[in-house]
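Undergrad:
Number of protein chains: 2
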Amino acid sequence: MSQKLNLDKLDYQIIQVMMENAEISYADLGKKLFVSGGTIHVRIKKLQEYGIVTGSRLNINTKALGFDVITFVGIYLEKSSMYEDVATELKKIPEIVRLNYTTGTYSMFAEIVCKDIRQLKHVLHDELQNIKGIERTETLISLEESFNRNVLVLDEEEIN
Amino acid sequence: MSQKLNLDKLDYQIIQVMMENAEISYADLGKKLFVSGGTIHVRIKKLQEYGIVTGSRLNINTKALGFDVITFVGIYLEKSSMYEDVATELKKIPEIVRLNYTTGTYSMFAEIVCKDIRQLKHVLHDELQNIKGIERTETLISLEESFNRNVLVLDEEEIN
DNA sequence: ATTGAAAGAGTCTCAGT
DNA sequence: ACTGAGACTCTTTCAAT
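Protein chains in written order, with full-length UniProt numbering: chain H, 1 to 160; chain A, 1 to 160.
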């Protein structure tokens with residue numbers, strides 16, 4: 001499953017490294033993985049064609065910019081059929097950075113990033129509560145992020 | 001607040017663009033923002049020195065690699081003082097990609113990324129349930145990710 | 001498929017404004 | 001502070017293996 005793609009260990013190694021650090025040069029990464037820079041280049045081009053590498057982004061320390069209130073909100077819907085409409089409304093709120101439609105305790109689950117509690121209160125009270133279809137919400141404020149990392153795509157035991 | 005840093009509109013514009021697309025060249029970004037490539041370079045160097053730009057990463061389409069089961073797990077602890085120990089244990093499980101210590105309904109909140117339900121079941125039953133200090137957990141499986149985006153750092157009204 | 005080298009493009013530095 | 005040009009480094013292409 002998914003391995004119609006036919007990726008080998010080198011592909012996964014490249015992904016694993018550059019998922020965390022896209023700055024490393026092809027020459028240096030090649031040295032590290034015992035191939036030439038040209039080979040790294042060919043592999044990355046292949047991964048781009050496959051749609052596995054879709055771009056790159058700068059890591060921004062949003063905390064340093066003042067966005068240090070991370071909050072998770074579980075949302076109960078009046079009817080789960082209202083999901084699409086509610087999602088459309090939630091997308092208009094820039095502080096909501098992620099939204100998932102879920103099974104389990106909540107119907108939807110959102111992540112909110114704010115500069116302070118005042119701004120959070122504004123989003124929770126003035127924005128969320130006015131959206132039709134939301135029955136109620138439960139708020140989890142993050143006191144500390146223990147870690148936030150990437151998936152381990154390179155499982156040594158699985159990949160040849 | 002946070003603006004001992006003295007960032008101007010140009011800085012925020014650079015951050016906003018490159019947070020989503022780090023591939024754009026300084027020359028092109030300069031054109032877009034009506035300054036020279038050299039100025040973009042100077043600003044990015046400044047942002048790196050300030051610790052606001054901390055690196056860059058490749059965007060990997062993990063779904064295409066088979067990791068298409070995203071799950072959120074709320075964790076109830078026996079005592080909240082066990083937080084550190086539990087976090088240490090959870091960090092050893094590679095499928096757990098994110099962990100927050102939270103106020104509210106749960107004591108801790110984790111995100112798990114798996115290849116299939118079998119693997120998820122393994123993590124939930126064999127791994128999580130054996131960690132001392134965890135009283136019980138609640139699982140939210142994501143059926144769909146509506147969106148996942150960056151914070152809006154550039155608020156036109158706020159920044160001169 | 002991988003390599004190494006040449007061509008092309010981008011980053012980085014700096015003197016001038 | 002910003003600019004533009006030169007030096008430098010990295011990416012990209014390609015002929016050879």
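The beta-carbon is built from N, C-alpha and C at its ideal position, and this holds for glycine as well.
These figures come from a predicted structure and were not determined experimentally.
In angstroms, rounded to a whole number, what distance separates the CA positions of residue 60 (chain H) and residue 46 (chain H)?
TA: Rounded to the nearest angstrom, the two C-alpha atoms are 28 Å apart.
Undergrad: Please tell me whether, using a cut-off of 7 Å, the distance from the CB of residue 13 (chain H) to the nearest non-hydrogen atom of the ligand ADP is below it.
TA: Because no ligand of any kind appears in the structure shown, any question about the ligand ADP cannot be addressed here.
Undergrad: Below 8 Å on C-beta distance, what does residue 102 (chain H) contact in chain A?
TA: Under the 8 Å cutoff, chain A gives 72, 140, 141, 142 and 143.
Undergrad: Below 8 Å between beta carbons is the criterion; list the residues of the stretch 51-66 of chain H that meet it against any residue of chain A, in chain order.
TA: Correct list: 51, 52, 53, 54, 55, 56, 57, 58, 59, 60, 61, 62, 64, 65 and 66.
Undergrad: Would you give the residue range spanned by the alpha helix (DSSP H) that residue 15 (chain A) belongs to?
TA: Per DSSP, residue 15 (chain A) belongs to the alpha helix (DSSP H) from 9-20.
Undergrad: So, is the C-beta of residue 93 (chain H) closer than 8 Å to a C-beta in chain A?
TA: Residue 93 (chain H) does not count as touching chain A.
Undergrad: I want to verify the contact list: residues of chain A whose CB lies under 9 Å from the CB of residue 109 (chain H), in sequence order.
TA: Near residue 109 (chain H) (Cβ distances below 9 Å), the residues of chain A are 72, 140 and 142.
Undergrad: Counting along the chain, where does the beta strand (DSSP E) carrying residue 102 (chain A) start and finish?
TA: Here the beta strand (DSSP E) through residue 102 (chain A) covers 96-103.
Undergrad: Throw me the rounded Cβ distance for the residue 108 (chain H) and residue 77 (chain H) pair, which I believe falls under 8 Å.
TA: The pair is a contact, with the Cβ atoms about 7 Å apart (cut-off 8 Å).
Undergrad: Please state whether DSSP places residue 130 (chain H) in a helix, a strand or coil.
TA: In this structure, residue 130 (chain H) counts as helix in the three-state DSSP scheme.
Undergrad: Kindly provide the ranges of any alpha helix (DSSP H) runs that are 4 or more residues long and lie completely inside the stretch 39-106 of chain A, ordered along the chain.
TA: If we require 4 residues or more, the alpha helix (DSSP H) runs fully inside the stretch 39-106 of chain A come out as 83-91.
Undergrad: Helix, strand or coil: how does DSSP classify residue 154 (chain H) here?
TA: Coil, per DSSP.
Undergrad: Beta-carbon of residue 147 (chain A) versus every beta-carbon of chain H: anything under 8 Å?
TA: For residue 147 (chain A), the answer is yes, since a Cβ of chain H falls inside 8 Å of its Cβ.
Undergrad: Can at least three beta-carbon pairs, one atom from the stretch 112-130 of chain H and one from the stretch 92-99 of chain H, be found at a separation below 8 Å?
TA: Yes, the stretch 112-130 of chain H is in contact with the stretch 92-99 of chain H.
Undergrad: Do you know how far the Cα of residue 153 (chain H) is from the Cα of residue 5 (chain H)?
TA: Approximately 14 Å, taken between the alpha carbons.
Undergrad: Taking the alpha carbon of residue 58 (chain A) as the reference point, which residue from H:25, H:143 and H:139 has its own alpha carbon closest?
TA: It is H:25 whose Cα lies nearest to the Cα of residue 58 (chain A).
Undergrad: Closer than 8 Å, CB to CB, is residue 21 (chain A) near chain H or not?
TA: So, interface residue.
Undergrad: Helix, strand or coil: how does DSSP classify residue 120 (chain H) here?
TA: Reduced to three states, the DSSP call for residue 120 (chain H) is helix.
Undergrad: From the DSSP output, in three-state form, read off residue 140 (chain A) for me.
TA: Note: residue 140 (chain A) maps to strand in three-state DSSP.
Undergrad: Could you pull out every residue in the same chain whose Cβ sits closer than 7 Å to the Cβ of residue 116 (chain H), ignoring the five residues on either side in sequence?
TA: Taken in chain order, the residues that qualify are 69.
Undergrad: For residue 102 (chain A) versus residue 143 (chain H), is the C-beta distance shorter than 8 Å?
TA: Result yes, Cβ atoms of residue 102 (chain A) and residue 143 (chain H) sit closer than 8 Å.
Undergrad: Could you check where the alpha helix (DSSP H) with residue 31 (chain A) kicks off and where it finishes?
TA: Segment 26-33, the alpha helix (DSSP H) holding residue 31 (chain A).
Undergrad: How far does the beta strand (DSSP E) with residue 23 (chain H) in it reach, from first residue to last?
TA: Looking at the DSSP string, residue 23 (chain H) is not in any beta strand (DSSP E), and its letter there is neither H nor E.
Undergrad: Measuring alpha carbon to alpha carbon, tell me which of A:67, A:54 and A:129 ends up nearest residue 63 (chain H).
TA: Ranking A:67, A:54 and A:129 by Cα distance to residue 63 (chain H) puts A:54 first.
Undergrad: Looking at C-alpha atoms only, which residue of A:128, A:52 and A:132 is the closest neighbour of residue 82 (chain A)?
TA: Residue A:132 is the option with its Cα nearest to residue 82 (chain A).
Undergrad: Does residue 165 (chain A) pass the burial test, meaning 16 or more other C-beta atoms within 10 Å, or should it be called exposed?
TA: The requested residue 165 (chain A) does not occur in the structure, where chain A is confined to residues 1 to 160.
Undergrad: For residue 148 (chain H), list the residues DSSP reports as bridge partners.
TA: BP columns for residue 148 (chain H) point to A:98.
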